[in-house]
Amino acid sequence: MNSKYMTKIALIAAIYTALCFVPGLSLISFGQIQVRIAEALTLLPLIDKKSIWGVTLGCFLANLIGAMTGLNPTGLIDAAVGTLATFLAAVCTYRFRDVLTFGIPMLSCLMPVIFNFFFVGCELAVLFMPDNVLLGTLINGSYVAIGELIAVTAGWFMIKALKKTEIFNS
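Quick note: the sequence shown uses our numbering, first residue 1191, plus one each step.
Spelled out as structure tokens, the structure:
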């Protein structure tokens, strides 16, 4: 691991974290109904494996800071559960990047949606609907998945633009 590698990870983590706390975006980055625009970065593993660590660290920091400042109603549990979902989604995004549907890595793009549906949906159900975790997971998971789909769609356009640059070469 060299300094250039560590710098890329730190920059991605910083951008992810900052996007969660931009005025206006911070209101929709946490909670039962959320559109975390920073999750667009979970598609970066399509073009750079190192970004797995950057988005994971960024998600952890955002969830931790959100819990400490009171913006994240799920508290510290999200620093573990939400970060695990983002890490697994980023790894699978990288692993399935060559599986194409109509020239698009659709399976890779759906990984953040699927993992957050189950992990964050279940987390929210346990916290806010403990009497019916299954129904709570389906309801909360659907809310999270819709927001995730919005972020991933933005992420796809970001990836297409970044592929035309030299930013991730080397």
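Built from N, CA and C at the ideal position, the CB exists for glycine as well.
As the structure is a prediction and not an experimental result, all values here were calculated from the model.
Using a threshold of 7 Å, is the CB atom of A1252 nearer than that to any non-hydrogen atom of the ligand SAH?
In the structure shown, the ligand SAH is absent, as is every other ligand, since no ligand is present at all.
Using the C-alpha atoms, what's the distance from S1298 back to T1264?
Distance between the alpha carbons of T1264 and S1298 is about 27 Å.
With a cut-off of 8 Å on the beta carbons, I'd call T1239 and K1198 a contact; round off their distance for me.
According to the sequence provided, residue 1239 is Lys. The question's Thr does not apply to it. Not quite, the Cβ-Cβ distance comes to about 11 Å (not below 8 Å), so this is no contact.
Can you give me the C-alpha to C-alpha distance between L1339 and V1303, rounded to a whole angstrom?
If I take the Cα positions, the gap works out to 6 Å.
Could you give the uninterrupted runs of the alpha helix (DSSP H) lying entirely in the segment 1213-1264, keeping only those of 4 residues or more?
List check, alpha helix (DSSP H) in window: 1241-1259.
Suppose contacts are defined by Cβ-Cβ distances below 8 Å. Is F1309 in contact with V1271 by that definition?
Result yes, Cβ atoms of F1309 and V1271 sit closer than 8 Å.
Assuming A1341 and I1237 form a contact by the criterion Cβ under 8 Å, report the distance between their Cβ atoms to the nearest whole angstrom.
Actually they do not touch by this definition, with Cβ atoms about 17 Å apart.
Verify whether the separation of the beta carbon atoms of T1232 and T1291 is less than 8 Å.
Going by C-beta atoms, T1232 is not nearer than 8 Å to T1291.
Starting from the C-beta of L1209, find all residues in its chain whose C-beta is less than 7 Å away, skip the five residues before and the five after it, and write them out in chain order.
So the qualifying residues of the chain are L1215, I1227 and A1228.
So, helix, strand or coil for I1357, using DSSP?
It is coil, neither helix nor strand.
How many Å lie between P1365 and F1347 at the Cα?
Not covered by the structure: residue 1365. The range shown for the chain is 1191 to 1360.
Report the residue from I1202, D1288, A1200 and C1312 whose alpha carbon sits nearest the alpha carbon of V1323.
When only C-alpha atoms are compared, the closest one is C1312.
Taking the CB atoms as reference points, tell me whether F1305 and A1279 lie closer together than 8 Å.
Yes; because the gap between Cβ atoms is below 8 Å, this pair is in contact.
Let me check one thing: in DSSP terms, what residues is F1294 bridge-paired to?
For the sequence presented, residue 1294 should be read as Ile rather than Phe. BP columns for I1294 point to T1291.
What residue does the alpha helix (DSSP H) around F1211 start on, and which one ends it?
S1193 to F1211 is the span of the alpha helix (DSSP H), which, as asked, contains F1211.
Going by DSSP, what residue range makes up the alpha helix (DSSP H) through M1348?
V1323 to L1352 is the span of the alpha helix (DSSP H), which, as asked, contains M1348.
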